[in-house]
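Enquirer:
Number of protein chains: 2
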Amino acid sequence: MTTEAAYLKQYDASRFPAPLVTVDSVLFTLHQQALCVLLVERAQPPQEGRWGLPGGFIDMAHDDSTRATALRKLTEKTGISPAWLEQLDTFSGPDRDPRGWSLTVAWFALIAWADCQPRITSVSDARWVPVGALGDYPLAFDHGEIVAAALRRLRQKTMYSLLPVYCLPDTFTHGQLQEATEIVLGQPIQRKSLIRRFEASGMFEETGESLATGARKARLWRRKPGVDIHLFSRNLLAD
Amino acid sequence: MTTEAAYLKQYDASRFPAPLVTVDSVLFTLHQQALCVLLVERAQPPQEGRWGLPGGFIDMAHDDSTRATALRKLTEKTGISPAWLEQLDTFSGPDRDPRGWSLTVAWFALIAWADCQPRITSVSDARWVPVGALGDYPLAFDHGEIVAAALRRLRQKTMYSLLPVYCLPDTFTHGQLQEATEIVLGQPIQRKSLIRRFEASGMFEETGESLATGARKARLWRRKPGVDIHLFSRNLLAD
Chain A
1 MTTEAAYLKQ
11 YDASRFPAPL
21 VTVDSVLFTL
31 HQQALCVLLV
41 ERAQPPQEGR
51 WGLPGGFIDM
61 AHDDSTRATA
71 LRKLTEKTGI
81 SPAWLEQLDT
91 FSGPDRDPRG
101 WSLTVAWFAL
111 IAWADCQPRI
121 TSVSDARWVP
131 VGALGDYPLA
141 FDHGEIVAAA
151 LRRLRQKTMY
161 SLLPVYCLPD
171 TFTHGQLQEA
181 TEIVLGQPIQ
191 RKSLIRRFEA
201 SGMFEETGES
211 LATGARKARL
221 WRRKPGVDIH
231 LFSRNLLAD
Chain B
1 MTTEAAYLKQ
11 YDASRFPAPL
21 VTVDSVLFTL
31 HQQALCVLLV
41 ERAQPPQEGR
51 WGLPGGFIDM
61 AHDDSTRATA
71 LRKLTEKTGI
81 SPAWLEQLDT
91 FSGPDRDPRG
101 WSLTVAWFAL
111 IAWADCQPRI
121 TSVSDARWVP
131 VGALGDYPLA
141 FDHGEIVAAA
151 LRRLRQKTMY
161 SLLPVYCLPD
171 TFTHGQLQEA
181 TEIVLGQPIQ
191 RKSLIRRFEA
201 SGMFEETGES
211 LATGARKARL
221 WRRKPGVDIH
231 LFSRNLLAD
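So the sequences go chain by chain: A and B.
Sequence positions in the first sequence follow full-length UniProt numbering and run 1 to 239.
Sequence positions in the second sequence follow full-length UniProt numbering and run 1 to 239.
Structural data, given as structure tokens:
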């Protein structure tokens, strides 16, 4: 028997009492001019009746990572698998869950309303809540803190990327991108800066079609296939 | 007994078999014109004799978060507590540790060589390894992947911040900042862009002293007290 096999045989898991581990996701979308987050009413204790993030325990027999757990839970609630899903942070400590020292791996994503809306209406315990109305929803555990952290990160990334593209339809105008970006940020932006970034990115192509808005017609754009949107700006080298 | 108390009494931890949870840190510094990472030779199985990141299990009786675990382990190895320590990511899965489904919360930090050097030499199993020499060190588990992810993140953040300030002495010149930034990035940068960012940040003040380098004298700067260095650039709003 090798040293390692001997060690594993002796390995006593109780020497390393494990924290309670969960995976939670903050899923954002844009609906009716508002940035919304998906909440689920807790059906079981602890904190039954409070609102929480979609998530749960790792299924170690089937999940090959916490990303897989996050995607499985989101698919259960919304029927879709987000094209972009990113790890936010890990929240941990002795007091955040009454069951003991716990740790949750938090993920966040931004999806287009059109992709999830038809499916989610059939899940009675899940609700899209505008971020401005979160005060009306008593949140379980430290999920309020997690939502706030996800919102900060989403806004930071929006500052230096074109991330709001993920909540637009497959084809969109510059005006729609500007509107989505301003709703995510919660403040107006310089349109010419946004368009300069958009054009410099090389990530988009014209569809050849246009959208009539009032008397004006605006060109429609789409993402080039296989392109990752949330790239960092590289101004220190590119200046 | 309340519903929640009744639930907690019935709560059977074995229904949710917990993954093995560890905390690991990627600690960077600059030494002899090279970006270096701290590695520790593993004294015990599994993977005894391989090199790994400083880290270990959560001490649930004392650590109030995974940050506390990371700081405790780094202090044990280096004698210092980094001024800036940020969560990198969580790495998880059934195959990364022979003991079973495991998850590590990875943190990363950048420190000044002057702060840690005197203490670390007394820890025989710890070594600063230039990132270019990592190929000579067989790394345990997925620690190679974790180091690579930390290096990418460090470089990304350096692109849009003044993070390399953390590996400089308390007082430094523009030239020293440029050199540190170029070593972290592994490529030359535009000096005037860096100085523009430095001045626009409002985070630094002149000491009134200067450093003679050859025939020239360069002004010395220091961080204003209490200022957080790794701020994002906000060009979308500021343009």
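Cβ coordinates follow ideal geometry from the N, Cα and C atoms, glycine included.
Source: prediction; values computed, not measured.
#1: If contact is defined by three or more beta carbon pairs under 8 Å, each pair taking one atom from either stretch, is the segment 88-96 of chain A in contact with the segment 43-57 of chain A?
#2: Do you know offhand how far L85(B)'s Cα is from F204(B)'s?
#3: Could you tell me the distance, in whole angstroms, from the CA atom of G56(B) to the CA atom of Y137(A)?
#4: Against V21(A), what residues of chain B qualify as contacts under a CB-to-CB distance less than 7 Å, listed in chain order?
#5: Which two residues bound the contiguous beta strand (DSSP E) that contains A126(B)?
#6: Going by the DSSP bridge assignment, what does I111(A) pair with across the sheet?
#7: What does the alpha-carbon distance come out to for the pair S81(A) and D170(A)?
#8: Can you list, in chain order, the residues of the segment 71-98 of chain A whose Cβ is nearer than 7 Å to any Cβ on chain B?
#9: Buried or exposed for K73(A), please, with buried defined as at least 16 other CB atoms from any protein chain shown within 10 angstroms of its CB.
#10: Checking the sheet assignment: what are the DSSP bridge partners for G100(A)?
#11: By Cβ distance, which residues of its chain are closer than 6 Å to S102(A), with the 5 residues on each side in sequence left out?
#12: Answer with buried or exposed for P164(A), where buried requires no fewer than 16 other C-beta atoms within 10 angstroms of its C-beta.
#13: How many angstroms separate the CA atom of K224(A) from the CA atom of G175(A)?
#14: At the 9 Å Cβ level, is I58(B) part of the contact set with chain A, yes or no?
#15: Taking only beta carbons into account, state which residues of the segment 162-174 of chain A come closer than 8 Å to chain B, listed in chain order.
#16: Would you verify that the beta carbon of L236(A) is, or is not, closer than 9 Å to some beta carbon of chain B?
#17: Hey, D24(B) and G52(B): beta-carbon distance below 9 Å or not?
#18: Is F141(B) helix, strand or coil by DSSP?
#19: Hey, how far is the Cα of R197(B) from the Cα of A109(B)?
#20: Given a threshold of 16 other Cβ atoms within 10 Å of its Cβ, counted over all protein chains shown, does T213(A) qualify as buried or as exposed?
#21: I want to see whether chain C comes within less than 9 Å of S25(A), judged by CB atoms only; does it?
#22: Between L185(A) and the rest of its own chain, which residues show a CB-CB distance below 8 Å, the 5 nearest in sequence each way excluded?
#23: Could you tell me the alpha carbon to alpha carbon distance between L39(A) and P98(B), rounded to whole angstroms?
#24: So D136(B) contacts chain A; which residues on that side make the cut at Cβ distance below 9 Å?
#25: Quick one: is K192(A) buried, meaning 16 or more other Cβ sit within 10 Å of its Cβ, or exposed?
#26: Closest to I111(B) by CA distance: which of A215(B), D64(B), W128(B) is it?
#27: Check the C-beta distance from R222(B) over to T173(B) and give it rounded, since I have them as a contact under 8 Å.
#28: Using a cut-off of 7 Å between C-beta atoms, extract the partners of D142(A) located in chain B.
#29: Quick one, which of A83(B), A140(B), L139(B), D59(B) has its alpha-carbon nearest C116(B)'s?
#30: Tell me whether V23(A) sits in a helix, a strand or coil according to DSSP, three-state version.
#31: Does T66(A) have its Cβ less than 9 Å from a Cβ in chain B?
#32: With K217(A) as the anchor, note down where its beta strand (DSSP E) starts and where it stops.
Expert: Result, derived from the coordinates:
#1: No, because fewer than three Cβ pairs between the segment 43-57 of chain A and the segment 88-96 of chain A fall closer than 8 Å, the two stretches do not touch.
#2: L85(B) and F204(B): Cα-Cα distance of roughly 20 Å.
#3: 38 Å
#4: What V21(A) touches in chain B: A18, P19, V21, L103.
#5: Where A126(B) is concerned, the enclosing beta strand (DSSP E) starts and stops at 126-130.
#6: Paired residue(s): T29(A).
#7: 16 Å
#8: Q87, D89, T90, S92, G93, P94, P98
#9: buried
#10: G100(A) pairs with nothing; no bridge assigned.
#11: P19, L20, R96
#12: buried
#13: 19 Å
#14: yes
#15: Across the segment 162-174 of chain A, no CB contact with chain B closer than 8 Å is found for any residue.
#16: Since pLDDT at L236(A) reaches only 40, below the 50 mark, its modelled position is unreliable, and the value read off the structure follows with that caveat. Output row for L236(A): interface = yes.
#17: yes
#18: coil
#19: 22 Å
#20: T213(A) counts as exposed, since fewer than 16 other beta carbons sit within 10 angstroms of its beta carbon.
#21: No chain C appears in this structure, whose protein chains are A and B.
#22: R155, T158, M159
#23: 37 Å
#24: What D136(B) touches in chain A: nothing, since even the nearest Cβ is about 23 Å away.
#25: exposed
#26: W128(B)
#27: Rounded, the Cβ-Cβ distance is 11 Å, inconsistent with contact.
#28: By Cβ distance, chain B contributes nothing, its closest Cβ being about 11 Å from D142(A), past 7 Å.
#29: Closest by alpha carbon: A83(B).
#30: strand
#31: At least one chain B Cβ lies under 9 Å of T66(A).
#32: 216-223
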